[in-house]
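Participant: Just so we're aligned: the sequence shown equals residues -18 to -1, 1 to 130 in mature numbering (1 follows the signal peptide of the UniProt record, and there is no 0). I'd like to ask you about the structure that follows.
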Amino acid sequence: MSLWYFSGLISLPTLVSASFGALGTTGGLVGLSFFFRRVVGEISVNERNLDITISSLSFWGNRCDRTFPLTNVVPLSDSGIDVKNAFHRLELYDCKIVYLLNLRHCKIFDEMFFSVIGLPKHQTDLMTNVVASTNCDKSKPEYLAKGK
């Protein structure tokens, strides 16, 4: 673009406006990616190894799975949960990243999830349709592919 300016094809205000527009858009995308990298897409618990796998997005939009010991999960009841909020903080003891968990628009297939994240089930009664039906067939490939 500076070549266009030095050639006389565009004026200085146009160059400055285009540069600030490009920088603003880049800054906005980086800021939004910081938020979206922390949003939890899927959580699975390996009962044999007592591990929890948290799936989120990377900066480029790829799925990023991180596995932690189950004992590193800070219970949601300790971090002051409010059922009116859309996102809740999912913290880990040995990790600096604070994940954002959406309990309002999710489906929970196993009620063991409440004990894993330290949330009493009676606190989720105010949320609608949180627990999915328990008649899901665990032998189906789509259910097994999610690691549950």
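Cβ coordinates follow ideal geometry from the N, Cα and C atoms, glycine included. If you're wondering where the values come from, they're calculated on a predicted model, not measured in any experiment.
For residue 49, tell me which candidate among 33, 80, 38 has the shortest Cα-Cα distance.
Facilitator: Nearest option by C-alpha distance: 33.
Participant: Quick one: Cα of residue 63 to Cα of residue 1, how far?
Facilitator: So the two alpha carbons sit approximately 43 Å from each other.
Participant: Rounded to a whole number of angstroms, what is the C-alpha to C-alpha distance between residue 127 and residue -11?
Facilitator: Caution applies to residue 127, whose pLDDT of 44 falls short of 50 and renders its modelled position unreliable; the value that the coordinates give is listed next. One C-alpha to the other measures close to 59 Å.
Participant: On the criterion of 16 or more Cβ atoms from any shown chain inside 10 Å, does residue 27 qualify as buried, or is it exposed?
Facilitator: That one is buried.
Participant: Under three-state DSSP, which class holds residue 44?
Facilitator: Correct three-state label for residue 44: coil.
Participant: According to DSSP, is residue 69 helix, strand or coil?
Facilitator: Strand.
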